[in-house]
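According to this note's numbering, the sequence shown is numbered sequentially starting from 441. Heads up, the beta-carbon is just placed ideally off N, CA and C, and yes, glycines get one too. Here the structure is a predicted model, which is why all the values come from computation and not from measurement. To start, the structure under review is shown below, and the notes come after it.
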Amino acid sequence: MEKVYVIGHTNPDTDSVVSAMALSTLLNLKERTDRYVACMSGSPNSETEYIFDRFGMEFPEQLEDATGKTLFLVDHNEESQTVKGRENDNIIGLVDHHKIKFENSKPIYVIMKPWGSSNSVIYDMFKKDLLEVPDYLKPAMLCAILSDTVILKSPTTTPVDMMFVEELSEELGLDYQELGMELFKAKSNLKSKTPIEIIKNDYKDFDFNGKKVGVGQIETPDLTEIESRIPEILKAMNDLKKDNYHSIVLMLTDIIHEGSKLLVISDNEDKITKIFNTKINNNLSEFIPKMMSRKKQICPQLNDNL
């Protein structure tokens, strides 16, 4: 039987990796088959490595080229964020929690929810299909929801995400606040990372009205370490921008004080300043309170105004 590769976005974060595993497991259980194969489109970040090490899990295979392969997309749908070789007519399904920007020539299986995490969507699918989530997946799914919702502090968080976090953490006997802080400490451990690895740690490319824009995010309990590395990060951002970018925006998010600074390289820095109603000095904005979400607070503004 033909294999279907269940895969998340490039520069995969925890939600992307775990949702591929969870959805492939769900579909194999539901259809009593083994044709759905979980994949990653790139190497896992430090947070995901911490989770898989802590809970004794094995990573899915990395798929570098999807040419000719049948795909089921999770946690993304835009072509700019997808595996090399993607062919839209070879995509048979999509489960996501982002804005849809996808066209093909035939109907496909689609579930989209305006929730904080793709794993919340898939956990709900398990419930609706009356299927039990395998024990080995439960901690990872909990971590993925906590990661994508910034420990339920992100404006993308919904009552559904909260309910699933409380349900899973109670069943597993884990303090989700404590677990969430451990995740972000692991994610923000940047000492051994190169500047480009820091930028790409949680990073997506977008097409905003014909302009290529990269938006990354570093989430940390303390901005001190990342701010000390800004000069070398800016140099790497300038090098990256040569690849036909209009702008690159890196969110430096303080999860304790609940806000962000923006590190910006752009063809029109003044426009970025106006879009976010901030001041930018030496490419770094002032602290913007309550700015926590790339999906809800950065990308829509850039798409509508850039």
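So residue i packs on residue j, CB below 8 Å; how close in whole Å?
i: serine 725; j: leucine 702; result: 4 Å
i: aspartate 588; j: glycine 556; result: 6 Å
i: tyrosine 445; j: lysine 509; result: 5 Å
i: leucine 746; j: isoleucine 695; result: Going by Cβ atoms, the distance from leucine 746 to isoleucine 695 rounds to 27 Å, so no, they are not a contact pair.
i: methionine 603; j: leucine 592; result: About 11 Å; that fails the 8 Å criterion.
Report the partner residues of residue i according to the DSSP bridge assignment.
i: lysine 736; result: Paired residues: none, contrary to the question.
i: glutamate 659; result: Thr693
i: glutamine 741; result: In DSSP, glutamine 741 forms no bridge with anything.
Would you decide whether residue i is buried or exposed? Buried here means 16 or more other CB atoms lie within 10 Å of its CB.
i: aspartate 529; result: exposed
i: serine 632; result: exposed
i: arginine 734; result: buried
i: valine 550; result: exposed
i: isoleucine 540; result: exposed
i: lysine 730; result: exposed
i: threonine 693; result: buried
i: lysine 568; result: exposed
i: leucine 466; result: buried
i: glutamate 672; result: exposed
i: glutamate 498; result: exposed
Compare the beta carbon distance of residue i and residue j with 8 Å and say whether it is the shorter of the two.
i: isoleucine 738; j: methionine 677; result: no
i: threonine 488; j: threonine 450; result: no
i: asparagine 485; j: lysine 627; result: yes
i: valine 458; j: asparagine 544; result: no
i: isoleucine 666; j: leucine 630; result: yes
i: leucine 612; j: proline 579; result: yes
i: asparagine 517; j: histidine 537; result: no
i: serine 754; j: aspartate 642; result: With the chain covering only 441 through 746, there is no way to say anything about residue 754.
i: valine 704; j: isoleucine 720; result: yes
Expressed to the nearest angstrom, what Euclidean distance is found between the alpha-carbon atoms of residue i and residue j?
i: valine 605; j: serine 706; result: 38 Å
i: methionine 393; j: leucine 582; result: In the structure displayed, the chain extends from 441 to 746; residue 393 sits before or after that span and is not available.
i: isoleucine 639; j: aspartate 575; result: 34 Å
i: leucine 463; j: valine 653; result: 29 Å
i: phenylalanine 512; j: glutamate 618; result: 34 Å
i: isoleucine 636; j: lysine 675; result: 9 Å
i: isoleucine 585; j: leucine 577; result: 12 Å
i: leucine 663; j: methionine 621; result: 15 Å
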